[in-house]
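Inspection log for the structure reproduced underneath, given as C-alpha cells.
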Amino acid sequence: MRIRPATAAELPALRAIERAAGSPYRELGMAEIADDEPPALDVLERFRRAGRAWVAADDDARPLAYLIAEPVDGALHVEQVSVHPDFAHRRIGRALLAHAAEHAREEGLSHLTLTTFTEVPWNAPYYTRLGFRTLAEAELTPGLRRIRATEAEHGLDRWPRVCMRRP
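Position 48, counted from 1, in the sequence shown is what numbering that gives the first Met the number 0 calls 47; the numbers after and before it change by one each time, with no gaps.
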C-alpha cells in the first residue's frame, strides 16, 4: 500500500469508496448515514487542488481508501477518512491519519481534529485508540463550532457526536 495525493481522474473512485464505507452503518440502524451522498466531485476537487486529498493505493495504483482535510483554527481538520470495507482492519485508516499528521506538522499546524459518532465502534472508540481525545464544549474553536452547526443542520446530531483532537 502506498499513500499519495489523489488524482483528478480518481475522484469518482473516492465517491465509490465512500458509498461502500457507508454500508456498515445500516447494520447499526443508521440507514440515513449509509445512504448519504458522498462529497460531490467539485468538493473533492477543491481538496485535491489544495493538496489535502490523499489515497491509500494498492500495488496496481487503485485507491482503497482516502482522506480529505483542511486547516481549521490552527489544526488540520479531517473532513473525511474512508476505507473500502473490503480492505478494513488492515491499518489503512491509521496510515492515512499518520500521513495527514505529518502534513499538518509540515504546514505548522499543531493538531489533527475531526468530528465523529460516539457510539459507532469504528468512529470515536477507534480514534481514542489512535490518541485522539474528546473535546469539551468549552474547548471547541470557532471553526469547530461552525462545523458542528453545519452537521446539526444536516441531521447528524440524531446520533451522539463529538469533536476530537490529537497532537
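Don't be surprised by glycine CBs; every beta carbon is placed ideally from N, CA and C. On a predicted model such as this, the values are computed, not experimentally measured, just so you know.
Practice task
Return the chain-ordered list of same chain residues with a C-beta closer than 8 Å to the C-beta of His110, the five sequence neighbours on each side being excluded.
Solution key: Counting from 1 along the sequence shown, the entry for residue 110 is found at position 111. Here the set comprises Gly73, Ala74, Leu75, Ala103, Arg164, Arg165 and Pro166.
Exercise for the section: Output yes or no for whether 9 Å exceeds the beta carbon distance between Ala60 and Arg14. Expected result: Translated into positions along the sequence shown, residue 60 becomes position 61. Translated into positions along the sequence shown, residue 14 becomes position 15. No; because the gap between Cβ atoms is not below 9 Å, this pair is not in contact.
Problem - Sub-9 Å separation of Ala12 and Arg25 beta-carbons - result: Residue mapping note: residue 12 aligns to position 13 of the sequence shown, counting from 1. Residue mapping note: residue 25 aligns to position 26 of the sequence shown, counting from 1. No, the Cβ-Cβ distance between Ala12 and Arg25 is not below 9 Å.
Handout entry: Reference Arg41; option with closest CA among Phe131, Ala55, Ala8 and Asp57
Key = Residue numbering aside, residue 41 sits at position 42 when the sequence shown is read from its first letter. First, the amino acid is wrong: residue 41 is Asp here, not Arg. Asp41 has its Cα closest to that of Ala8, out of Phe131, Ala55, Ala8 and Asp57.
Practice task
Starting from Leu113, trace the beta strand (DSSP E) both ways and give me its first and last residue.
Solution key: Residue 113 sits at position 114 when you count from the first residue of the sequence shown. First-last of the beta strand (DSSP E) with Leu113: Leu111 to Phe116.
Practice task
Tell me where the beta strand (DSSP E) around Arg23 begins and ends.
Solution key: For the purposes of this step, residue 23 is taken as residue 24 along the sequence shown, with counting starting at 1. For the sequence presented, residue 23 should be read as Pro rather than Arg. Where Pro23 is concerned, there is no enclosing beta strand (DSSP E), given that its DSSP letter is neither H nor E.
Practice task
Identify whether Arg90 lies in helix, strand or coil by the three-state DSSP scheme.
Solution key: Looking up residue 90 in the sequence shown gives position 91. Here Arg90 sits in coil by DSSP.
Exercise for the section: Let me know the secondary structure DSSP gives Glu106 once reduced to three states. Expected result: Numbered from 1 along the sequence shown, position 107 holds the residue referred to as residue 106. Coil.
Problem - Which residues DSSP lists as bridging Pro70, in chain order - result: What you label residue 70 is simply residue 71 of the sequence shown in a count that begins at 1. In DSSP, Pro70 forms a bridge with Leu75.
Exercise for the section: From the DSSP output, in three-state form, read off Val161 for me. Expected result: As a first step, residue 161 is located in the sequence shown; it is residue number 162 there, counting from the start. Of the three classes helix, strand and coil, the one that applies to Val161 here is strand, per DSSP.
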